[in-house]
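Following: one structure in C-alpha cells, then a few remarks.
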Amino acid sequence: MQPTDSAGVGARIVRYLGVALIWGYRLTLKPFLGAGSCKYHPSCSEYAIDAYKEFGLFKGTVLAAWRLLRCNPWSRGGVDYAHDQQVFT
Amino acid sequence: MTMLLSLLYLLQPLEHLLRHILNGIHSIGFTWAWSIVALTLLVRMLLVPLTVKQIHSMQNMQAHAPQMKELQRKYKGDRQKLNEELMKFYKENNINPASSCLPLVAQFPIFIGLYYTLRNFAKHPPAGNLSWLHFVPSIAAHVTSHWSGYILLAVYVTSQLASTYFMSGSMQQSQRIIMYVLPFAFIFVIARFPAGLVLYWMTTNLWTVGQGLITRRLIPKVGPPGGGGGGGGPKRSSRTPPKDSPDGGAPAEPPEPKPSGQPRQVRRKKKARR
Numbered sequence: 008m009q010p011t012d013s014a015g016v017g018a019r020i021v022r023y024l025g026v027a028l029i030w031g032y033r034l035t036l037k038p039f040l041g042a043g044s045c046k047y048h049p050s051c052s053e054y055a056i057d058a059y060k061e062f063g064l065f066k067g068t069v070l071a072a073w074r075l076l077r078c079n080p081w082s083r084g085g086v087d088y089a090h091d092q093q094v095f096t
Numbered sequence: 006m007t008m009l010l011s012l013l014y015l016l017q018p019l020e021h022l023l024r025h026i027l028n029g030i031h032s033i034g035f036t037w038a039w040s041i042v043a044l045t046l047l048v049r050m051l052l053v054p055l056t057v058k059q060i061h062s063m064q065n066m067q068a069h070a071p072q073m074k075e076l077q078r079k080y081k082g083d084r085q086k087l088n089e090e091l092m093k094f095y096k097e098n099n100i101n102p103a104s105s106c107l108p109l110v111a112q113f114p115i116f117i118g119l120y121y122t123l124r125n126f127a128k129h130p131p132a133g134n135l136s137w138l139h140f141v142p143s144i145a146a147h148v149t150s151h152w153s154g155y156i157l158l159a160v161y162v163t164s165q166l167a168s169t170y171f172m173s174g175s176m177q178q179s180q181r182i183i184m185y186v187l188p189f190a191f192i193f194v195i196a197r198f199p200a201g202l203v204l205y206w207m208t209t210n211l212w213t214v215g216q217g218l219i220t221r222r223l224i225p226k227v228g229p230p231g232g233g234g235g236g237g238g239p240k241r242s243s244r245t246p247p248k249d250s251p252d253g254g255a256p257a258e259p260p261e262p263k264p265s266g267q268p269r270q271v272r273r274k275k276k277a278r279r
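Going down the list, the protein sequences come from chains A and B.
Taken in order, the first sequence gives residues 8 to 96; the numbers are from the working numbering.
Taken in order, the second sequence gives residues 6 to 279; the numbers are from the working numbering.
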C-alpha cells in the first residue's frame, strides 16, 4: 500500500517505525500471550501494519488501538480493513 | 528515542500498581512467591466470564459446522478469501468467534509491571521471604541462577505446550506448529527473566489447561475425536455420520468425487474446535 500523502523522508521513516514495532511484537511478545486467533479479518496486527502504512504513525496508532479495543469478547468480529476505516474521514 | 523513554515513564505507574497489589496480597499472609500465584489466579478468575462466552460461541460453532465445512471446501485454495467468507458467515449466523485479541493483550500491563517489580526486588530486597516451596531460593533472581530454575523452565514449557494444545483448535496447521516450537526457542529469553515471572506464566498456563479440560467436559463432542494432525491424507475412509461434525475452523480436505448420492461428506480429519 502506498502512503496516501507525499510524506517526507522523515515522516516515511516514522511511518515504518510503526510497522517495525508491530513486527517486533509479532516476533517477541506474541508467543508469550498464548495461542489464539483474531476474530477479525485481517488480524489485529495485520490491521495495524496496514494502518501504519496508509495513515502514518499517529493515525495508525489510533486506528490500531481502536481496532484492538473492538477486538473484545463482546464484539462480533468480521471483515474489517484498515483502508475502510471510519475514524478519520 | 525520547518516545521510548516516555514509554518507560508510562510503565512506572504500572510498576507501582503491581507493587501495591502484591503488597496487598503479601500483607494477608502469603509469601511473595505465593502472592504472585494468587495474583495470577485473580487475573484468570476475572477472565472467567469471557471463558463462559467462549464456551457458548464454541457450541454455536459446532452447530454450524457443516455449513462452515462447505465454505472451506469451496475456498480451499484461497486462504484469504476463505477467511473473509467465514467472517461473513459468522456475522450472518450471529456466531461470535471464540478468541479476541484484547484479553490477551490486557495481560501485558500485568506482565510488564511484574517484571519491573521483581527487578526492583532484586536490587532492594523487600522484607519477607522471597523463596518458593523450599526449592526456589529467590523469585527475584534470574531463573538460571539456581538449579531449581531449570525445573521451573521445564514446567513452563510443558504447561505452555499443553495450553497451546487446548487453545489452538481453530489455528492453521503451520501456525500451530510455530506455537509448539516457540516455547523452546524462547527458553533462552526466559532464562534471563526473574523466576517470579516464570511462576506467573506457569500458573496462568496451568489455569488454561484446567479450563480447557473443564471446557471439554461441558461441550460434548459429536463422536470421538478424529485422526489428529495433518497425516491423514485424502484417502481416509472413516466418516462421521451425516448429521454433524465437530470440525470447526480446520482446513477442509480436498473433496474427492464421491459416487454415492450423499450431498455432503463431512470428514473428520482434524480435532474438533476445543
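Every residue gets a Cβ at the ideal spot worked out from N, C-alpha and C, and that includes glycine.
Between residue i and the rest of its own chain, which residues show a CB-CB distance below 6 Å, the 5 nearest in sequence each way excluded?
i, result
"Ala58(A)", "Gly67, Leu70, Ala71, Ala89"
"Gln92(A)", "Leu70"
"Pro49(A)", "none"
Can you check which of these residues, the options, is closest to residue i by C-alpha distance?
i, options, result
"Phe95(A)", "Pro80(A), Gly63(A), Cys78(A), Asn79(A)", "Gly63(A)"
"Ser62(B)", "Trp73(A), Pro80(A), Leu75(A), Glu53(A)", "Pro80(A)"
"His129(B)", "Gln165(B), Ala145(B), Gly29(B), Phe140(B)", "Ala145(B)"
"Thr122(B)", "Trp37(B), Leu47(B), Tyr80(B)", "Trp37(B)"
"Val110(B)", "Val86(A), Tyr23(A), Arg19(A), Arg74(A)", "Arg74(A)"
"Trp164(B)", "Gln85(B), Met92(B), Leu23(B), Leu204(B)", "The sequence given here places Ser at residue 164(B); Trp does not occur at that position. Closest option to Ser164(B), Cα to Cα, is Leu204(B)."
"Met92(B)", "Lys46(A), Ile29(A), Arg33(A), Ile20(A)", "Lys46(A)"
"Phe126(B)", "Ser143(B), Ile182(B), Thr209(B), Lys81(B)", "Ser143(B)"
"Val141(B)", "Lys58(B), His21(B), Pro199(B), Asn210(B)", "Pro199(B)"
Suppose the cutoff is 8 Å on Cβ atoms and the five residues either side in sequence are ignored; what does the same chain contact list for residue i look like?
i, result
"Pro229(B)", "Its pLDDT being 39, under 50, Pro229(B) is placed unreliably in this model, and the value from its coordinates should be taken loosely. Same-chain partners within the cutoff: there are none."
"Gly133(B)", "His31, Thr36, Trp37"
"Val26(A)", "Ile56, Tyr59, Lys60"
"His207(B)", "Note on residue identity: the sequence assigns Met, not His, to residue 207(B). Leu157, Val160, Tyr161, Ser164."
I need the straight-line Cα distance from residue i to residue j, nearest angstrom please.
i, j, result
"Ser11(B)", "Trp152(B)", "37 Å"
"Ala190(B)", "Leu76(A)", "30 Å"
"Gly201(B)", "Leu36(A)", "18 Å"
"Arg33(A)", "Glu53(A)", "10 Å"
When DSSP labels each residue in this structure, what does residue i get in the three-state scheme?
i, result
"Trp81(A)", "coil"
"Gly233(B)", "Low local confidence applies: a pLDDT of 38 at Gly233(B) is under 50, so the model's placement there is unreliable, with the coordinate-based value given in what follows. Of the three classes helix, strand and coil, the one that applies to Gly233(B) here is coil, per DSSP."
"Pro199(B)", "strand"
"Trp69(B)", "Per the sequence presented here, residue 69(B) reads as His, with Trp not at that position. His69(B): coil per DSSP, three-state reduction."
"Tyr47(A)", "strand"
"Val160(B)", "helix"
"His139(B)", "coil"
"His25(B)", "helix"
"Val86(A)", "strand"
"His31(B)", "helix"
"Ala58(A)", "helix"
"His129(B)", "coil"
"His151(B)", "coil"
"Ala2(B)", "With chain B running from 6 to 279 in the structure shown, residue 2(B) is simply not present."
"Ile144(B)", "coil"
"Glu258(B)", "Because Glu258(B) sits at a pLDDT of 41, beneath the cut-off of 50, its placement in the model cannot be relied upon, and the following sentence gives the value as read from the coordinates. In the structure shown, Glu258(B) sits in coil (DSSP, three-state: anything other than H, G, I, E or B)."
"Gln93(A)", "coil"
"Pro268(B)", "Residue confidence for Pro268(B) is low, a pLDDT of 43 falling below 50, so the modelled location carries little weight; the figure read from the coordinates is stated next. In the structure shown, Pro268(B) sits in coil (DSSP, three-state: anything other than H, G, I, E or B)."
Sequence ranges, alpha helix (DSSP H) only - wholly within the stretch 68-119 of chain B, length at least 4:
70-79, 84-97, 106-110
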